[in-house]
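Q:
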Amino acid sequence: MKCVAIVDDDPRIRELIRDELIDEGVEPVVCPDGEALLELLDQRKVDLILLDLMMPKMDGMTCLQRLSERPNLVPVLVVTAFNEDQKRSEAKALGASDFILKPDLFELLPELLKRYL
1 MKCVAIVDDD PRIRELIRDE LIDEGVEPVV CPDGEALLEL LDQRKVDLIL
51 LDLMMPKMDG MTCLQRLSER PNLVPVLVVT AFNEDQKRSE AKALGASDFI
101 LKPDLFELLP ELLKRYL
């Protein structure tokens, strides 16, 4: 079964995405911030990362930078509420595979899973 990491500081958002991934037949793992994701990746493999930008401890951009320094790059979809061209460009430059607005995620999720898994 494919595994998708959900990285978001909002437990309600994590739960909604987790439930949707289960419905799509994907194993979700949840992380409250970028630090927790990096620790998780030291312990297990994931096939896709859904990464929020605005989080405490380690924000999404810092996490993207740290992910780009690791071997075995995993596709990262930035999932954010902020539609800013500068953030989109910065995320892509740091290796994000896609930039998705949170309100659009649930509609796009089946297609995104087919594309990136």
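For the sequence shown, position 28 matches number 28 in my numbering, and the numbering has no gaps at all. Positions of the beta carbon are idealized from the N, C-alpha and C atoms, including for glycine.
1. Less than 7 angstroms between the C-beta atoms of Val79 and Leu105, yes or no?
2. For Phe99, which of helix, strand or coil comes out of DSSP?
3. Are the stretch 78 to 93 and the stretch 32 to 43 touching by the rule of at least three beta carbon pairs closer than 8 angstroms?
4. What does a CB cutoff of less than 7 angstroms around Leu94 pick up in its chain, not counting 5 residues either side in sequence?
5. Should Pro56 be labelled buried (16 or more other beta-carbon atoms within 10 Å of its own) or exposed?
6. Quick one: complete beta strand (DSSP E) runs, 3+ long, within the stretch 8 to 85?
A: In brief:
1. yes
2. strand
3. no
4. Met61, Leu64, Gln65 and Ser68
5. exposed
6. 27 to 31, 48 to 51 and 76 to 80
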